Structure formats: C-alpha cells, structure tokens
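These notes are about the structure you will find just below.
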Amino acid sequence: MFITKKSLSRRTVLRGMGATVALPLLEAMVPAFTASAQTAANPKRRLGVVFIPLGERPGYWTPKTVGPNFDFTPILTPLEPFRDYMTIVSDLCVPLDGHAVTTAAWPTGSVPKRTIAEDVRAGISLDQAVANQIGQETVFPSLELATEDFTGYIGGCDTQYACAYMNTMSWRTPTTPLPMEINPRIVFERMFGRAGTSAQRMERMGTDRSILDSIRQDAADLQLGLGPQDRDRLNEYLENVREIERRIQRAEKQAATEIKVPDAPIGVPESFEEHVGLQFDLLALAFEADITRVFSFMMSRDASQRVYPEIGITEPHHSMSHHGGDKEKIANLVKLNTYHISLFGKFLEKLRSTRDGEGSLLDHSLIIWGSGMSESNTHSRLDVPTLLVGRAAGAMKGNRHVKAPRETPLANLWLDIANKFGVETDKFGISTGRFEV
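Position one of the sequence shown corresponds to residue -1 (the working numbering), numbered consecutively onward.
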C-alpha cells in the first residue's frame, strides 16, 4: 500500500484474527505544510493518577525549601532526573482519616457517606471528571488498574465504612465505584485483542503464539509506504508490545506450575516489582498508541498486608505502618516508600523516552502520585503527600515545591487540575476555591 502524508489516519490500526493493534504517532499521520496544531501532532494532554497506600514517611518526604530548586529528600531521591518535571505540593488535606474513607476521599475530594451497606456515596473522582471531558476520542475513556485482588472484601472494612470505598480509587459518579483490574493479561487483551470472536482469542491465548502473528501481513503492507524513521518507530513499538506479551506469558506459565501467593489469579506475576512494571508498561503503551488519555492506578490497597522480601522487609506494610515510634519500623517504612518511588521513576523514564509529536509523552502528560494520609501511625489527614510530574502540554512548569496555606483542601488542587483539562466547573468535591499550580 502506498501512503502519502495526507492518507494515514491517526486512528489507523493493524488488524488480524483476534487482534487489533493501535499505532503510535507516526510522521505519516502528519500532513505536510500544515500547522502542527491542526494535525495529529497537536499535543494531546493526558492524565494519570497513582495512589499509594499508608502515606509517605513525614520528615523524609517534604523538601525543606519552598520554591524552585528544592532539596531532594531521601524518599524523593530516585526522582532527581525528573526535577524539571516535578511539582511537590505540601499542606493539602483530606476531610477525614482512616483507611477506607481516605481512599475514597483522596481521588474525589469529597466526604464519603458512612455506611457498610451498598448505598455508598462519595463523589466523581478526578480521573473520571477528566475522562468525561477528553476521553471520548479514544478507544477507552479511561483505564483503571491495581495490583491487589479485592474479591472477598465486602461489607464493612474500616470504622463503619464499606469495603467498596477501599477497593477502588475511581468513581464514575458519586454512587458508581469502578472496578480496578489487577491482571496484566486482561489489560493486554482489552488493549490489543479486541478483534475476532471469543473462540479465536481463547485459541490464541491457549498457545505460545503472539498476538502480533495475526497482524504481521498488515504490518508488512503498512511498512511499504512508510519512511525510514516511521519504519523504525513502528518496529520499536511492536517489539515493545511483544516484550510485554512475553512477560505476561512467563507469568502465566509460572502460575500454572507453582502458585505461592494464595488466591492469586492466573497470570498475575508473583513478583510485586514485575507486576507493577507490567501494569505501568501497559499504561505507557496505552498513552503512546492513544488507546486512552486517562488512567488510575492503585499500586497497593490501603491497609495492605503485603510484605516485600525483595528489599528485606518481611513485616506486613499495614502492621509496620503503625510503628509506635519504633526506629527499625520507621527505617523500613522509609525504605519501602523509596522503593515504591523508584518503581514510579522507571515509568516516568518510559514516558520521557517515548516520542510524542514534537515532544515526549511526559511533556504532554500530568502524572499525579499521592496518598490519603501522611503519618500512617495516626492516619493523619493533614499534609497528605502530593506530587505532580509532567508538563501537561504546557500547563505545568516543574522544578517547584509549592506550599499551600495550612489545611487547604486537596479538592482545591483537583479543581485547578480539572480546569486545566477543560472541565468547566468552579466546584470539585468540598473545594473552597481553586489552588493554582
């Protein structure tokens, strides 16, 4: 097939039996002699929201200096290469303390209804408010991912609050919490395995065949009309898809022979680091191929009892978080917080190194990292850790530590971010105004 600069749509996909593979932004998708703002190269602003449980250790998270050129604290040290993309906001607060309630209050900026029944009510979460605004142009308005299995957590989970509040961070409406997907295979199939019948997809997954096998001819035909740079970009992208698929297949084979994690679904990696890495890599591909422009990701469930033997921590996270001043537990909390941030840094590097028009994915994205509490020992709702990374297609500056007036509602920041993404509102949750960053 012969392709001119005017003939390749941004929505071009490669199709095969049981596969639909969206493409990254190629030069062939950008018409010649046309202003980039009027083409597919016009930067698409993207939002990612990452929830981390049980806070970040006070004294090791917040920089001492305010303004530009802030000092890197021990926990933030792995993110030093991203200084120019980072905005740290301190002294924001959520309205209530506790595990379930802060998990819901943090992304929604609301006061969740106290109930252990099914009549839950919080507020629309930031990711869903933005998805309603910008998500209609993509295959999925948003993706919701996690790493811990929430099945079995029903009824009341925390001080008369329903488990539903702690099982998700995404709320489509004030009464509609969305499920979070923990299985990388299911995410992969949603992204790339949408074509064909269920039987065809099951047949493919039952073998070692790649999802790319069925689109190989379509890819070869497309390559004939591409320039050298586009061919290299397409080859690199497809290899990234294949490498993620291999990692998922390895996890499935391991799970089929020996499952050490009780009740873990088949295909979920035993290693936390590999699990998080796969989920982050899938989200990076989803951004690159414009499959979605909005995601939420719970790196772990609040009140998580996960242990981390890979970094020498064998006490469950939640138990350790109630440290009671124990120096060894506090040191391990700092170690764990730093480990989590280092995994986040790998994702940021993936975004920074992935071209997107005239910049990178990180140039055009805003990735939020935070938690619904600061001091885990007391479930403190004050000065919750809040980190913004990315330039959001010119909407963010970076290299800043911004200190809010004490006890400024986190909802005030969410209002500003929602506005930056085109959401026309002067109220978000319990906001009392707009805190601009």
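The beta carbon of each residue, even a glycine, is placed where N, CA and C say it ideally should be.
In this text, all values refer to a predicted model and were calculated from it rather than measured experimentally.
Problem - Anticipated Cβ contact below 8 Å, Arg442 with Ser363, distance rounded - result: Here the chain has residues from -1 to 435 only, and residue 442 is not among them.
Problem - Backbone secondary structure at Met189 - three-state DSSP - result: Three-state result, Met189: helix.
Exercise for the section: Inspect the beta-carbon positions of Leu385 and Gly368 and report whether they are closer than 8 Å. Expected result: yes
Problem - N-terminal and C-terminal residue of the alpha helix (DSSP H) that Leu346 is part of - result: Residue range Lys325 to Arg350 is occupied by the alpha helix (DSSP H) that includes Leu346.
Exercise for the section: Evaluate Asp424 with the Cβ neighbour count: other Cβ atoms within 10 Å of its Cβ, from every protein chain shown; 16 or more gives buried, anything less gives exposed. Expected result: exposed
Problem - Where Thr113 sits in the DSSP three-state scheme - result: Note: Thr113 maps to coil in three-state DSSP.
Exercise for the section: State the start and end residues of the unbroken alpha helix (DSSP H) segment that holds Arg55. Expected result: Here Arg55 belongs to no alpha helix (DSSP H), and DSSP marks it neither H nor E.
Exercise for the section: Output the distance between the C-alpha atoms of Gly53 and Val382, rounded to the nearest integer angstrom. Expected result: 7 Å
Exercise for the section: Measure the Cβ-Cβ separation of Met84 and Gly396 and say whether it is below 8 Å. Expected result: yes
Exercise for the section: Measure the alpha-carbon distance for Ala103 versus Ser429 and round it to whole angstroms. Expected result: 12 Å
Exercise for the section: Taking 8 Å as the cut-off, decide whether the C-beta atoms of Ala284 and Met189 are in contact. Expected result: yes
Handout entry: Neighbourhood of Ser123 by C-beta, 6 Å cutoff - its chain only, sequence neighbours within 5 removed
Key = Pro105, Thr106, Ser168 and Trp169
Handout entry: Closest by C-alpha distance to Asp361, when choosing among Gln126, Lys42 and Pro267
Key = Lys42
Practice task
Would you check if there are 3 or more beta carbon pairs closer than 8 Å linking the stretch 127 to 138 to the stretch 60 to 77?
Solution key: Contact between the stretch 127 to 138 and the stretch 60 to 77 is absent: fewer than 3 CB-CB pairs across the two stretches fall below 8 Å.
Exercise for the section: Figure out for me which residue from Ala17, Ile73, Val99 and Ser108 has the closest Cα to the Cα of Leu408. Expected result: Ser108
Problem - Inter-residue spacing [alpha-carbon to alpha-carbon] between Phe458 and Asp117 - result: Any question about residue 458 goes unanswered here, given that the chain covers just -1 to 435.
Problem - Through-space distance from Ala160 to Glu347, alpha-carbon basis - result: 37 Å
Exercise for the section: Pull up the distance between the alpha-carbon of Ala144 and that of Phe270, whole angstroms please. Expected result: 11 Å
Problem - alpha helix (DSSP H) segment containing Gly14, residue limits - result: Not the alpha helix (DSSP H): Gly14 falls in the beta strand (DSSP E), residues Val11 to Gly14.
Practice task
Express the C-alpha separation of Ser212 and Gly223 in angstroms, rounding to a whole number.
Solution key: 20 Å
Problem - Cβ pair Arg183, Ile246 closer than 8 Å - result: yes
Problem - Paired residues, beta bridge with Leu90 - DSSP - result: Thr406
Practice task
Measuring alpha carbon to alpha carbon, tell me which of Lys401, Val274, Asp147 and Val19 ends up nearest Asn238.
Solution key: For Asn238, the closest C-alpha among the options Lys401, Val274, Asp147 and Val19 is that of Val19.
Practice task
Assign His315 to one of three DSSP states: helix, strand, or coil.
Solution key: The three-state secondary structure of His315, taken from DSSP, is helix.
Handout entry: Beta-bridge partners of Ala382, as assigned by DSSP
Key = In the sequence as displayed, the identity of residue 382 is Val instead of Ala. Beta-bridge pairing links Val382 to no other residue.
Problem - Residue burial classification, Gln277 (beta-carbon count within 10 angstroms, cutoff 16) - result: Counting Cβ neighbours within 10 Å, Gln277 comes out buried, since at least 16 surround it.
Exercise for the section: Following the continuous beta strand (DSSP E) through Ile366, name the residue where it begins and the one where it ends. Expected result: Ser363 to Gly368
Practice task
Apply the 10 Å Cβ neighbour rule to Asn410 and answer buried if 16 or more other Cβ atoms are within range, or exposed otherwise.
Solution key: buried
Problem - Own chain, CB closer than 8 Å to Gly133, minus 5 neighbours either side, in chain order - result: Pro139, Ser140, Thr290, Arg291 and Val292
Handout entry: Other residues of its chain near Phe148: CB distance less than 6 Å, five sequence neighbours each side excluded
Key = Asn165
Exercise for the section: On a CA-only basis, which of Pro175, Ala30 and Phe70 is nearest Thr101? Give me that one, please. Expected result: Of the listed residues, the one whose Cα sits closest to Thr101 is Pro175.
Exercise for the section: With Val128 as the anchor, note down where its beta strand (DSSP E) starts and where it stops. Expected result: Under the DSSP assignment, Val128 falls outside any beta strand (DSSP E), being part of the alpha helix (DSSP H) whose first and last residues are Leu124 to Ile132.
Practice task
Look at the Cβ atom of Pro76, then the Cβ atom of Thr336, and state whether they are nearer than 8 Å.
Solution key: Their beta carbons are under 8 Å apart, which means Pro76 touches Thr336 by this criterion.
Practice task
Provide the residue span of the beta strand (DSSP E) that contains Ala98, from first to last.
Solution key: From DSSP, Ala98 is part of no beta strand (DSSP E) but of the alpha helix (DSSP H) over His97 to Thr106.
Practice task
Can you say whether Lys418 is buried or exposed, counting buried as having 16 or more other CB atoms within 10 angstroms of its CB?
Solution key: buried
Exercise for the section: Mark Asn233 as exposed unless 16 or more other C-beta atoms lie within 10 angstroms of its C-beta, in which case mark it buried. Expected result: exposed
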